[in-house]
Amino acid sequence: MHDLPEGRTAGRIVETEAYVPGDASGHAYRGQTARNRSLFLERGHAYVYFTYGMWHCLNVTSETPGVGAGVLLRAIEPVEGIALMERRRSTTRPYDLGRGPGRLVQALGVGRADDGVDLCGAGNLWLAHGARSAAEIGESVRIGITRETAAVLRFYERGSPFVSGPRHLRA
DNA sequence: AAGAAGATTCGCT
DNA sequence: GCGAATCTTCTTA
Numbered sequence: 181m182h183d184l185p186e187g188r189t190a191g192r193i194v195e196t197e198a199y200v201p202g203d204a205s206g207h208a209y210r211g212q213t214a215r216n217r218s219l220f221l222e223r224g225h226a227y228v229y230f231t232y233g234m235w236h237c238l239n240v241t242s243e244t245p246g247v248g249a250g251v252l253l254r255a256i257e258p259v260e261g262i263a264l265m266e267r268r269r270s271t272t273r274p275y276d277l278g279r280g281p282g283r284l285v286q287a288l289g290v291g292r293a294d295d296g297v298d299l300c301g302a303g304n305l306w307l308a309h310g311a312r313s314a315a316e317i318g319e320s321v322r323i324g325i326t327r328e329t330a331a332v333l334r335f336y337e338r339g340s341p342f343v344s345g346p347r348h349l350r351a
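Residue 230 in our numbering is what sits at position 50 of the first sequence, and the numbering runs on without skipping anything.
Dropping the structure here:
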């Protein structure tokens, strides 16, 4: 969830990808830099990075300090503040609001200002416990990477229209 | 010091 | 389907 003066936005996470230690496709693979330093924080912190000159992506760190690993949030199902998300994303189609890592971040209004914050603490941006999905959790290879493509490290809610990727990766 | 590729998305053809 | 937008880091000269 994300609280801002303009309102609260919240979504249910329906798709993630893991980037584990020693993963050649991970940003932490070549060591710590100014850009990825927050990826090396204690688990539960936000790592926000800018990619392709256009979009931000949001990760949650998943290891002890200094390791450098995390989980990329790839898609959310909008739950609260939908009107605000529609304004930020310039679309009213529900499945276009949070389907994709760049879209999700824009819908929630997350930016580089949120890089490194504690998602389990008392900030504007945090992870909340919600109702557990009744749907099955699917597994697949990760999307959009060119190294370590065989690793099955993507997890998603089966059959959800809010999950990104081609149809056979949503079933 | 300069060029290329990357955990992406959008608009036009 | 292809190219644009344009940041960070790695590779090569």
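Every residue gets a Cβ at the ideal spot worked out from N, C-alpha and C, and that includes glycine.
DSSP places leucine 238 in the strand class (E or B) of the three-state scheme. With 16 or more other Cβ atoms from the protein chains shown falling within 10 Å of its own Cβ, leucine 333 counts as buried. Annotation note: the region 244-319 contains the following uninterrupted beta strand (DSSP E) runs of length 3 or greater, listed N- to C-terminal: 250-260. Of the candidates Ala249, Arg312, Tyr275, the residue whose Cα lies closest to the Cα of glycine 206 is Ala249. When secondary structure is reduced to three states using DSSP, histidine 182 falls in the strand class. A buried status is given to histidine 225, since no fewer than 16 other beta-carbon atoms sit within 10 Å of its beta-carbon. Taking C-beta atoms as the reference points, leucine 253 and glutamate 195 count as a pair closer than 9 Å. Secondary structure within the region 194-233: the beta strand (DSSP E) runs of 3 or more consecutive residues, fully enclosed, are 226-231 (chain order).
In this structure, the beta-carbon distance from glycine 324 to arginine 338 does not fall below 9 Å.
Distance from phenylalanine 220 to alanine 204 at the Cβ level is roughly 17 Å; contact not present, criterion being Cβ atoms closer than 8 Å. Nearest neighbour of glycine 246 by Cα position, chosen from Glu222, Leu349, Asn304, Pro185, turns out to be Glu222. When Arg215, Asp183, Gly191, Leu184 are compared, the shortest CA-CA separation from arginine 279 is found for Gly191. For the set Asn304, Thr244, Tyr232, the Cα lying nearest the Cα of glycine 282 is the one of Tyr232. Taken through DSSP and simplified to helix, strand or coil, arginine 347 comes out as helix. A Cβ-Cβ separation of about 7 Å places serine 340 in contact with arginine 350 under the 8 Å criterion. Here glutamate 328 carries a coil assignment [DSSP, helix/strand/coil].
Arginine 334: member of the beta strand (DSSP E) spanning 334-337, first to last residue. When DSSP states are grouped into helix, strand and coil, arginine 322 belongs to the coil group.
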